[in-house]
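Asks:
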Amino acid sequence: MVKSPAYLDEPELQVAPLDELLEPFRQLVGPDFDGYRNHCRRVFLFCTAFVEQSDETARMKIAIAAAFHDLGIWTEGSFDYIEPSCRLAGKQLEATGQTEWREEIQAMIRQHHKIRPYQANPSWLVEQFRKADWIDISKGMLRHKLKDSYVVDVLDTFPNEGFHQALIRLGAAWMKSHPFNLLPMFRF
């Protein structure tokens, strides 16, 4: 069993760095913003539960990856959003002088819908981030050994706010116009 917290402690304080990264995109994301922000918050909290809580560098990398991992859906108006999301994260890293994190964070974004475990660089946070996104997308049905009480607490603290419905709406529109490229974000 992963040594995850049993319950969520000071959730608003924990997600503050992530919220700061997302706020400039509020208008662009529009009515889907609250749902996307809460999805990012949940992914952030699930992912940080897999790492040493005092590792501030890891927490910042996770915040950046979480903020930008799906953002290309709205900036590009496309379900083929992985590379646009990587570019947005890269711009953020350049702006903050953290370019040494680029390869790892872009791998976190590129591989977050990978079906099988990521094994290429086990010292990176890619696998933890992939698991965290799957926990959220499955609405907690997948737990990846996080404590049930923690997963439920995170899901209750930051409700869906229509995020999954927005993905269905946006995905259906994409599939109508791209019948031979239905889910370009998935990796095997």
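Numbering (this note's numbering), first residue to last: 342 to 529. We treat Cβ as the ideally placed atom computed from N, Cα and C, and that holds for glycine.
Across the region 450-466 and the region 348-366, are there enough close Cβ pairs to call them in contact, namely three or more that are closer than 8 Å?
Replies: no
Asks: Counting beta carbon pairs with one atom in the region 423-439 and one in the region 406-414, are three or more of them shorter than 8 Å?
Replies: yes
Asks: Helix, strand or coil for K486, going by three-state DSSP, please let me know.
Replies: K486: coil per DSSP, three-state reduction.
Asks: Use the C-beta contact count for T398: other C-beta atoms within 10 angstroms, 16 or more gives buried, fewer gives exposed.
Replies: exposed
Asks: Comparing C-alpha positions only, which one of D497, E502, Q469 sits nearest to K486?
Replies: Q469
Asks: Is E441 close to the ligand FAD? I mean its beta-carbon at under 7 Å from any heavy atom of the ligand.
Replies: Here there are no bound small molecules, and the ligand FAD is not part of this structure.
Asks: For the region 388-395 against the region 409-416, are there 3 or more C-beta pairs whose distance is under 8 Å?
Replies: no
Asks: Cα-Cα, which of K402, R383, G371 is closest to G418?
Replies: G371
Asks: In three-state terms, what does DSSP make of K455?
Replies: strand
Asks: Nearest-angstrom Cα distance between M342 and C388?
Replies: Any answer about M342 is weak, because its pLDDT of 44 lies below 50 and its placement is not dependable; what the coordinates show is given next. Approximately 15 Å, taken between the alpha carbons.
Asks: Using 8 Å for Cβ pairs, my map puts R484 next to I476. What's the rounded Cβ distance?
Replies: 6 Å
Asks: Going by C-alpha distance, which of W415, L354, I423, N379 is nearest M449?
Replies: The option with the nearest alpha carbon to M449 is I423.
Asks: Between the beta-carbon of P425 and the beta-carbon of G438, is there less than 8 Å?
Replies: no
Asks: When DSSP labels each residue in this structure, what does D350 get in the three-state scheme?
Replies: coil
Asks: Under a three-way DSSP split, which group does Y377 fall into?
Replies: DSSP places Y377 in helix when its eight states are reduced to three.
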